[in-house]
Amino acid sequence: MRAKSIFLMVVLCLAGTQAFAQNAVLNPTTSDSNASYPKIVWPRPFIYGGLGLNGGGYAPLSGKVGAGLRIDQNHLIWSASAAYDNSHKSNDNTINNTNGHERALDSSIYYRFNNGWFAGGGASWSELSTTNYTKQGFHPSGGGGKDYFHKECAAEDCVTRWSMRLQVDYKMKGAEHVDAKGCGVPNGQCTNDLQGPMVSFFLPSPALAGHLYWRETVGVYTFHETVTSTDPALTALQKSHRSVTSFLEFTMMYRF
């Protein structure tokens, strides 16, 4: 059942990307071989909002809003944002845990090469607040991607083109902490060691000057059973029980 859910999320992500890409028309200001990126010296603010399809014991549907700053230059890509998600836990082996939300901060920086590929990394912090407990997590990440530009030409006149950005980052194992209400282990180390790849699509590519962008992000993560004891044997057993979960976001971003 879990594998079917992950497959469905990936199909929805790819289908939505294809549908939007076919209708995205940009001004003819770039070419595939020599893209001209906006020379934005100062960070530009942006806002976004959308829906999330959630696994990992969360409620299946949630809303998300956020805001931040970003730079997209010839060789520099930088972004920092804050987000709020009204997701809550619906299946975490606790009782009457009916309310919750999640706050997050993240920042990343990449170097873009002349061929359009870019690579870099970043870090994120999140705090899940529920009726029964509060859990925080900090995770570094690394990855990269490519900006793609497509043109359709009749003779020497190019009248229609679209662009997209494909980005893949790996969310690494980081630091996790649960407050005393939800964790009986000293120092709040009721961890799950969540980690895995995140794939993002932007349409059109944020490398082009513009205001409105569609973004889809799918994350497929592995995690182990929650650690509930300081006993070494039990801890090793719980860490050996690993599972896979997935999350999918559809958001619209407006860059000022």
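Numbering-wise, the sequence shown is residues 3 to 258 according to my numbering.
For every residue, glycine included, the Cβ atom is placed at its ideal position computed from N, Cα and C.
This structure is a prediction, so every number in the text was calculated from the model and none was measured.
| query | result |
| --- | --- |
| Assigned secondary structure, L63 (DSSP; H/G/I helix, E/B strand, else coil) | strand |
| Neighbour-count burial assignment, E251, 16 or more Cβ in a 10 Å radius | buried |
| Status (buried if at least 16 other CB within 10 Å, exposed otherwise) for S248 | buried |
| Assigned exposure category for N189 - 16 Cβ within 10 Å defines buried | exposed |
| Minimum length 3: unbroken beta strand (DSSP E) runs contained in the segment 110–178 | 119–132, 136–156, 159–173 |
| Segment contact flag, the segment 53–60 with the segment 72–84, C-beta cutoff 8 Å, min 3 pairs | no |
| Those runs of the beta strand (DSSP E) which lie wholly inside the segment 175–248 and span at least 3 residues | 177–180, 198–205, 214–226 |
| Selected residue, minimal CA-CA separation from E129, among S202, A84, A238 | A84 |
| Integer Cβ distance of M227 from F203, believed to fall under 8 Å | Sequence inspection shows Glu at residue 227; the Met mentioned does not correspond to that position. Not really, about 32 Å apart at Cβ, beyond 8 Å. |
| G100 in three-state terms, based on DSSP | One detail in the question is off: residue 100 reads as Thr in this sequence, not Gly. Reduced to three states, the DSSP call for T100 is coil. |
| Nearest-angstrom Cα separation, counted from V229 out to P62 | 24 Å |
| K91 versus V201 - alpha carbon distance | 24 Å |
| C-alpha distance - A177 paired with H141, whole-angstrom precision | 7 Å |
| Member of A82, V222, T237, A209 whose CA lies at the smallest distance from the CA of S245 | V222 |
| Nonlocal neighbours in the same chain, by C-beta distance under 6 Å from P45, ignoring five residues either side | L71, I73 |
| Environment of Y113 [buried if 16+ CB atoms lie within 10 Å] | exposed |
| Three-state secondary structure assigned by DSSP to N56 | strand |
| Nearest-angstrom Cβ-Cβ length linking N99 and T136, presumed shorter than 8 Å | Contact doesn't hold; Cβ gap of about 12 Å is too wide. |
| Simplified DSSP assignment, three categories, for P47 | strand |
| Buried/exposed call for E154, threshold 16 Cβ in 10 Å | exposed |
| Option nearest T96 by Cα separation, candidates D87, R105, F120, G59 | G59 |
| Three-state class that DSSP yields for D94 in the structure shown | coil |
| Proximity to V186 [Cα-Cα], best of Y215, S231, G198 | Position check: residue 186 holds Gly in this sequence, whereas Val was assumed. Considering only alpha carbons, the answer is S231. |
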